[in-house]
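K.L.:
So the protein sequences, as listed, match chains R and H. When you read off a place in the first sequence, starting at 1, and then add 243, the result is the number in this note's numbering. When you read off a place in the second sequence, starting at 1, and then add 243, the result is the number in this note's numbering. Don't be surprised by glycine CBs; every beta carbon is placed ideally from N, CA and C. This is the structure I have questions about; it appears just below.
Number of protein chains: 2
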Amino acid sequence: MIIAVDAMGGDNAPAEVIRGCVQFLNEFGKSGNIRLKLFGQTEKIQSELNKHTFDKNCIEICEAPEIIEMAEHPTEAIKRKKNSSIVLGLNSLKRGDAGAFVSAGSTGALLTGATVIVGRIKGVERPALGTLLPCKTGSFFLIDSGANVDAKPQYLAQFAKIGSVYSKEVLGIENPRVGIVNIGAESEKGNVLTKEAFPLLESCGVNFVGSAEARDIPLGGFDVVVCDAFVGNIILKYSEGFSKALFSLIKHELTSAFLPSVGALLSKSAFKSLKKKLDPSEVGGAPFLGLKALVVKAHGSSDAKAIKNALRQCNIFIEKNVTAKMAESFAANGGV
Amino acid sequence: MIIAVDAMGGDNAPAEVIRGCVQFLNEFGKSGNIRLKLFGQTEKIQSELNKHTFDKNCIEICEAPEIIEMAEHPTEAIKRKKNSSIVLGLNSLKRGDAGAFVSAGSTGALLTGATVIVGRIKGVERPALGTLLPCKTGSFFLIDSGANVDAKPQYLAQFAKIGSVYSKEVLGIENPRVGIVNIGAESEKGNVLTKEAFPLLESCGVNFVGSAEARDIPLGGFDVVVCDAFVGNIILKYSEGFSKALFSLIKHELTSAFLPSVGALLSKSAFKSLKKKLDPSEVGGAPFLGLKALVVKAHGSSDAKAIKNALRQCNIFIEKNVTAKMAESFAANGGV
Numbered sequence: 244m245i246i247a248v249d250a251m252g253g254d255n256a257p258a259e260v261i262r263g264c265v266q267f268l269n270e271f272g273k274s275g276n277i278r279l280k281l282f283g284q285t286e287k288i289q290s291e292l293n294k295h296t297f298d299k300n301c302i303e304i305c306e307a308p309e310i311i312e313m314a315e316h317p318t319e320a321i322k323r324k325k326n327s328s329i330v331l332g333l334n335s336l337k338r339g340d341a342g343a344f345v346s347a348g349s350t351g352a353l354l355t356g357a358t359v360i361v362g363r364i365k366g367v368e369r370p371a372l373g374t375l376l377p378c379k380t381g382s383f384f385l386i387d388s389g390a391n392v393d394a395k396p397q398y399l400a401q402f403a404k405i406g407s408v409y410s411k412e413v414l415g416i417e418n419p420r421v422g423i424v425n426i427g428a429e430s431e432k433g434n435v436l437t438k439e440a441f442p443l444l445e446s447c448g449v450n451f452v453g454s455a456e457a458r459d460i461p462l463g464g465f466d467v468v469v470c471d472a473f474v475g476n477i478i479l480k481y482s483e484g485f486s487k488a489l490f491s492l493i494k495h496e497l498t499s500a501f502l503p504s505v506g507a508l509l510s511k512s513a514f515k516s517l518k519k520k521l522d523p524s525e526v527g528g529a530p531f532l533g534l535k536a537l538v539v540k541a542h543g544s545s546d547a548k549a550i551k552n553a554l555r556q557c558n559i560f561i562e563k564n565v566t567a568k569m570a571e572s573f574a575a576n577g578g579v
Numbered sequence: 244m245i246i247a248v249d250a251m252g253g254d255n256a257p258a259e260v261i262r263g264c265v266q267f268l269n270e271f272g273k274s275g276n277i278r279l280k281l282f283g284q285t286e287k288i289q290s291e292l293n294k295h296t297f298d299k300n301c302i303e304i305c306e307a308p309e310i311i312e313m314a315e316h317p318t319e320a321i322k323r324k325k326n327s328s329i330v331l332g333l334n335s336l337k338r339g340d341a342g343a344f345v346s347a348g349s350t351g352a353l354l355t356g357a358t359v360i361v362g363r364i365k366g367v368e369r370p371a372l373g374t375l376l377p378c379k380t381g382s383f384f385l386i387d388s389g390a391n392v393d394a395k396p397q398y399l400a401q402f403a404k405i406g407s408v409y410s411k412e413v414l415g416i417e418n419p420r421v422g423i424v425n426i427g428a429e430s431e432k433g434n435v436l437t438k439e440a441f442p443l444l445e446s447c448g449v450n451f452v453g454s455a456e457a458r459d460i461p462l463g464g465f466d467v468v469v470c471d472a473f474v475g476n477i478i479l480k481y482s483e484g485f486s487k488a489l490f491s492l493i494k495h496e497l498t499s500a501f502l503p504s505v506g507a508l509l510s511k512s513a514f515k516s517l518k519k520k521l522d523p524s525e526v527g528g529a530p531f532l533g534l535k536a537l538v539v540k541a542h543g544s545s546d547a548k549a550i551k552n553a554l555r556q557c558n559i560f561i562e563k564n565v566t567a568k569m570a571e572s573f574a575a576n577g578g579v
């Protein structure tokens, strides 16, 4: 099993990326069955690797002198920087030299490059970004959370199929319940997009349970929640900002009087444990799904733990042969 | 000053609606300058009024034998039930017999009826529902939060104009900062709708400060936030569900160990005060703006306090002559 890694992507690269790789290998690659290909500037990678202890047979450095910066235009950057860690990493996926690729670099360049270079599973018109989000009863898989801001109805049905296979195989959920983000429970509620997507979702072979009203999503009841990436990004980012605002308001209230501030001190461990539950680095990255191999977008601010968890996700994905199962799911239903 | 009220709308009608009316009059109508017209079944209204003490000259009962139920189709209900409290109340607005109308009844019937019966301000293509939402630094006015799920770019600019006048006149914000809900800070980010709306917002005469990224909205920095009603409803309802889920998780964490549960007891007052800050009944209702008179949609579960606050909103709206100022704002800029 070979996983490719963009050693130069993200705010904390290459140090945290490489620390994450080593942690992952030492924890999950004991038997020497997993190998990592690190794409980036050899010297910098080597000097970081020198700080750690690991099985040297399991890491290969692949020289990639160029780096795509966050501010660059995605399509142009992919075309111009053929020797960047992102482009070379994606090319290794295309050739089949690796089964998955993890990058904390530019989202736009990674998604554009992945679609162009790696190619789509037959029947998938648009690959989509998925994100595992916390809810009251555990978590739900939001797809599309960042790739297609203007979606067509059939895309949403395709996201449902892709998301269902991912949820079952990687997250271990037997018969994932799929909902569509909507503003009312009934099928006639919603905007043009959701109304047209509704019958397609009912007939595409997933366990479609209907509209997921925004109020109900955080309370649980759905394993896979589909929407266009504009709405998905709003949900993802609003919940991030909202919990930040809420914790800050709680802190303010708790410290504005004597008894509550003593209470806050005593409750500290509980808040810490809750913050850990809501911590995105526990998940490690957003899988970009519907391609012929897995690409994982790790958060730009990823630390070693986030990279380790992203690699763990790749590990399960390859082991369970998820790409083949997604292709089967599209072949079986003759597309959407 | 005359305000019309749907005495029969909402889960707690007529008892809580009437209690709210009386509380409002006793608090704000001391000098007898405010009169309320209660639309509904005379006998039921009278029997509720008999329980309270108030200036009898200030309340008039207007018989409306029919009630539009929540499940009815809005357009059909408006056409068929000409003697419902909603239709008769809206007719009184049209005739100028009242300056505002409050209802906790069917949202669909109220908005459809209001648009058809009361009519739009010149230059407003679609009236929009606004909602005041809490954020870290206070609150922001979200428009459209429930009327137009499929919007055109110029609607968003019109919402910005309407929302700015409301924010200034009713909420007392001098030069309201307007943002558009978006998934990135730059003007080229977003979906087709937001990209086309961006230049219109820049030139429509409001204090447009650019994209409001979903992550930043709850942290403050915007007074008016515009979007289509699908996205607006997601923000509104997701934050409702999310804070419910978060408080439940906090409770769970706090009561799962001894010290934190003592802490929780000591912090009780702080949590109570925070919940009050996040309580929608403190605001009292969502104004439906862009019409020739004010219509306020109170929440279906409104209690007396929510009705009182909705009436207070109408009071300020009429006093400040907000409809005329909105009309001026459209005349001045020649429409969007």
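Confirm, please, whether the CB-CB distance from Ile360/R to Lys337/R is below 8 Å.
P.N.:
Stepping through the first sequence from its first residue, residue 337/R is reached at position 94. Stepping through the first sequence from its first residue, residue 360/R is reached at position 117. Yes, they are a contact pair.
K.L.:
Since Phe297/R is in the alpha helix (DSSP H), which residue starts that stretch and which ends it?
P.N.:
Translated into the one-based positions of the first sequence, residue 297/R becomes position 54. No alpha helix (DSSP H) contains Phe297/R, which DSSP labels as neither H nor E.
K.L.:
If you run the structure through DSSP and keep just helix, strand and coil, what is Ser545/H?
P.N.:
Taking the second sequence and counting its residues from 1, one reaches residue 545/H at position 302. In the three-state DSSP reduction, Ser545/H falls in the coil class, being neither helix nor strand.
K.L.:
By how many angstroms is the C-alpha of Val424/R removed from the C-alpha of Leu376/R?
P.N.:
Against the first sequence, residue 376/R aligns to sequence position 133. Against the first sequence, residue 424/R aligns to sequence position 181. Each residue's Cα considered, the two are about 14 Å apart.
K.L.:
Would you call the CB atoms of Lys540/R and Thr350/R closer than 8 Å?
P.N.:
Residue numbering aside, residue 540/R sits at position 297 when the first sequence is read from its first letter. Residue numbering aside, residue 350/R sits at position 107 when the first sequence is read from its first letter. Contact flag set, yes.
K.L.:
Name the one or two DSSP bridge partners that Phe282/R has.
P.N.:
The residue you call residue 282/R lines up with position 39 of the first sequence. Phe282/R is bridged to Asp249/R, Cys305/R.
K.L.:
Consider the Cβ of Asp459/R: report whether some Cβ of chain H lies at a distance smaller than 8 Å.
P.N.:
Locating residue 459/R in the first sequence gives position 216, counting from the first residue. Yes, Asp459/R counts as interfacial toward chain H.
K.L.:
Can you list the residues of chain H that Tyr398/R reaches, using a CB-CB cut of under 7 Å?
P.N.:
The residue you call residue 398/R lines up with position 155 of the first sequence. Those within 7 Å of Tyr398/R in chain H number zero; the least Cβ separation is about 13 Å.
K.L.:
Could you give the distance in angstroms between the alpha-carbon of Glu270/H and the alpha-carbon of Arg262/H?
P.N.:
What you label residue 270/H is simply residue 27 of the second sequence in a count that begins at 1. What you label residue 262/H is simply residue 19 of the second sequence in a count that begins at 1. When rounded, the distance between both Cα atoms is 12 Å.
K.L.:
Using only the alpha-carbon positions, how far apart do Glu431/H and Leu385/R sit?
P.N.:
Within the second sequence, residue 431/H is the residue found at index 188, counting from 1. Within the first sequence, residue 385/R is the residue found at index 142, counting from 1. The alpha-carbon atoms of Glu431/H and Leu385/R are separated by roughly 25 Å.
K.L.:
Among Gly527/H, Thr285/H, Cys447/H, Ser482/H, whose alpha-carbon lies nearest the alpha-carbon of Leu462/H?
P.N.:
Here the question's residue 462/H lines up with position 219 in the second sequence. For the residues Gly527/H, Thr285/H, Cys447/H, Ser482/H, the minimum Cα distance to Leu462/H belongs to Ser482/H.
K.L.:
Measure from the alpha carbon of Asp466/R to the alpha carbon of each residue in Glu496/R, Glu429/R, Thr437/R, Lys404/R, then state which is nearest.
P.N.:
For this step, residue 466/R is matched to residue 223 along the first sequence. Of the residues Glu496/R, Glu429/R, Thr437/R, Lys404/R, the one whose Cα lies closest to the Cα of Asp466/R is Lys404/R.
K.L.:
Roughly how many whole angstroms lie between the Cα atoms of Cys470/R and Gly453/R?
P.N.:
For the purposes of this step, residue 470/R is identified with residue 227 of the first sequence, where counting begins at 1. For the purposes of this step, residue 453/R is identified with residue 210 of the first sequence, where counting begins at 1. Spanning the two alpha carbons is a distance of roughly 13 Å.
K.L.:
Can you name the residues of chain R whose CB is closer than 8 Å to the CB of Asn293/H?
P.N.:
By 1-based counting over the second sequence, the position of residue 293/H is 50. Simply none; closest approach about 38 Å.
K.L.:
Taking only beta-carbon positions, decide if Gly484/R is within less than 8 Å of chain H.
P.N.:
Numbered from its first residue, the first sequence carries residue 484/R at position 241. True, the Cβ-Cβ gap to chain H drops below 8 Å.
K.L.:
Below 7 Å on C-beta distance, what does Ala488/R contact in chain H?
P.N.:
Within the first sequence, numbered from 1, the residue matching residue 488/R stands at position 245. From the beta-carbon of Ala488/R, the residues of chain H found nearer than 7 Å are Cys378, Lys379, Pro461, Leu462.
K.L.:
For Ala400/R, count neighbouring C-beta atoms within 10 Å of its own C-beta (all shown protein chains included) and say buried if the count is 16 or more, exposed if not.
P.N.:
Sequence index remark: in the first sequence, residue 400/R carries index 157 (1-based). Classification of Ala400/R: buried, given that the 10 Å Cβ count is 16 or more.
K.L.:
When DSSP labels each residue in this structure, what does Cys378/R get in the three-state scheme?
P.N.:
To locate residue 378/R, count along the first sequence from 1; it is residue 135. Here Cys378/R sits in strand by DSSP.
K.L.:
Which residues does DSSP list as the beta-bridge partners of Ser346/H?
P.N.:
Stepping through the second sequence from its first residue, residue 346/H is reached at position 103. Ser346/H is bridged to Lys540/H.
K.L.:
Going by the DSSP bridge assignment, what does Glu456/H pair with across the sheet?
P.N.:
By one-based count along the second sequence, residue 456/H stands at place 213. Paired residues: Asn425/H.
K.L.:
Identify the continuous beta strand (DSSP E) that holds Ala314/H and give its terminal residues.
P.N.:
Position 71 of the second sequence, counted from the first residue, corresponds to residue 314/H. Premise fails: Ala314/H is in no beta strand (DSSP E) and is neither H nor E.
K.L.:
Going by the beta-carbon positions, is the gap between Cys305/R and Leu279/R smaller than 8 Å?
P.N.:
Walking along the first sequence from the start, residue 305/R turns up at place 62. Walking along the first sequence from the start, residue 279/R turns up at place 36. Against a cut-off of 8 Å, the Cβ pair of Leu279/R and Cys305/R comes out as no contact.
K.L.:
If you draw a straight line from the alpha carbon of Gln289/H to that of Arg555/H, how long is it in whole angstroms?
P.N.:
Position 46 of the second sequence holds residue 289/H. Position 312 of the second sequence holds residue 555/H. Their Cα atoms are separated by approximately 23 Å.
K.L.:
Quick check on Gly528/R: buried or exposed, where buried means 16 or more other Cβ atoms within 10 Å of its Cβ?
P.N.:
Along the first sequence, read from residue 1 onward, the residue named residue 528/R stands at position 285. By the neighbour-count rule (16 or more Cβ atoms within 10 Å), Gly528/R is buried.
K.L.:
Relative to chain H, which residues along the region 492–503 of chain R have a C-beta separation below 8 Å, given in chain order?
P.N.:
Leu492, Ile493, Glu496, Leu497, Ser499, Ala500, Leu502, Pro503
K.L.:
Reducing DSSP to helix, strand and coil, say where Ser327/H ends up.
P.N.:
In the second sequence, the residue the question calls residue 327/H occupies position 84. Ser327/H: strand per DSSP, three-state reduction.
K.L.:
Would you kindly work out how many angstroms separate the C-alpha atoms of Gly275/H and Thr374/R, rounded to a whole number?
P.N.:
By 1-based counting over the second sequence, the position of residue 275/H is 32. By 1-based counting over the first sequence, the position of residue 374/R is 131. Roughly 58 Å between the two C-alpha positions.
K.L.:
Let me know the secondary structure DSSP gives Gly339/R once reduced to three states.
P.N.:
Position 96 of the first sequence, counting from 1, holds the residue named residue 339/R. The answer is coil: DSSP assigns Gly339/R none of H, G, I, E or B.
K.L.:
Could you pull out every residue in the same chain whose Cβ sits closer than 8 Å to the Cβ of Val408/H, ignoring the five residues on either side in sequence?
P.N.:
If you number the second sequence from 1, residue 408/H lands on position 165. Val565, Lys568, Met569, Ser572, listed in sequence order.
K.L.:
Which residues, in chain order, does the region 404–435 of chain H contribute to contact with chain R at a C-beta distance below 8 Å?
P.N.:
Those would be Val424, Ile426, Gly433, Asn434, Val435, in chain order.
K.L.:
Can you tell me which of the three DSSP states Ile360/R falls into?
P.N.:
Taking the first residue of the first sequence as 1, we reach residue 360/R at position 117. If DSSP states are grouped into helix, strand and coil, Ile360/R belongs with the helices.
K.L.:
Would DSSP call Asn269/R helix, strand or coil?
P.N.:
Within the first sequence, residue 269/R is the residue found at index 26, counting from 1. Helix.
K.L.:
Here's the rule I'm using: 16 or more other beta-carbon atoms within 10 Å means buried, otherwise exposed. How should Val435/H be labelled?
P.N.:
The residue labelled residue 435/H in the question sits at position 192 within the second sequence. The residue is exposed, with fewer than 16 neighbouring Cβ atoms inside 10 Å.
K.L.:
Within the chosen definition, does the region 493–510 of chain R reach the region 504–518 of chain H through at least 3 CB pairs nearer than 8 Å?
P.N.:
yes
K.L.:
Take Ile477/H as the anchor and find which of Glu456/R, Glu286/R, Gly464/R, Leu489/R has the nearest alpha-carbon.
P.N.:
Position 234 of the second sequence, counted from the start, is the residue given in the question as residue 477/H. Minimum Cα distance to Ile477/H is reached at Glu456/R.
K.L.:
DSSP on Ala400/H, reduced to helix/strand/coil?
P.N.:
For the purposes of this step, residue 400/H is identified with residue 157 of the second sequence, where counting begins at 1. Of the three classes helix, strand and coil, the one that applies to Ala400/H here is helix, per DSSP.
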